[in-house]
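Numbering (this note's numbering), first residue to last: 1 to 55.
All C-beta atoms in this analysis are idealised placements derived from N, C-alpha and C, irrespective of residue type, glycine included.
These figures come from a predicted structure and were not determined experimentally.
Comments concern the structure below.
Structure, rendered in structure tokens:
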């Protein structure tokens, strides 16, 4: 459970992908929520609250 201040978005189901660059140790990890889903809206709320002075 992630909490930011007094607000909590609740559980968020995310898809995780790991992208690799051939010939390097570089890895990019992406976490996404399904488009137009309740989880996407919760992630948007959490993102907005993470910005200074927004929540």
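Straight-line gap, residue i to residue j (C-alpha atoms, nearest Å)
i          : j          : result
residue 9  : residue 47 : 10 Å
residue 16 : residue 31 : 5 Å
residue 24 : residue 45 : 35 Å
residue 52 : residue 22 : 37 Å
residue 50 : residue 36 : 21 Å
residue 34 : residue 28 : 19 Å
Burial state of residue i (16 or more Cβ within 10 Å)
i          : result
residue 14 : exposed
residue 43 : buried
Start and end residues, beta strand (DSSP E) containing residue i
i          : result
residue 19 : 15-20
residue 24 : Neither: residue 24 is in no beta strand (DSSP E) and is coded neither H nor E.
Limits of the unbroken alpha helix (DSSP H) element including residue i
i          : result
residue 45 : 38-50
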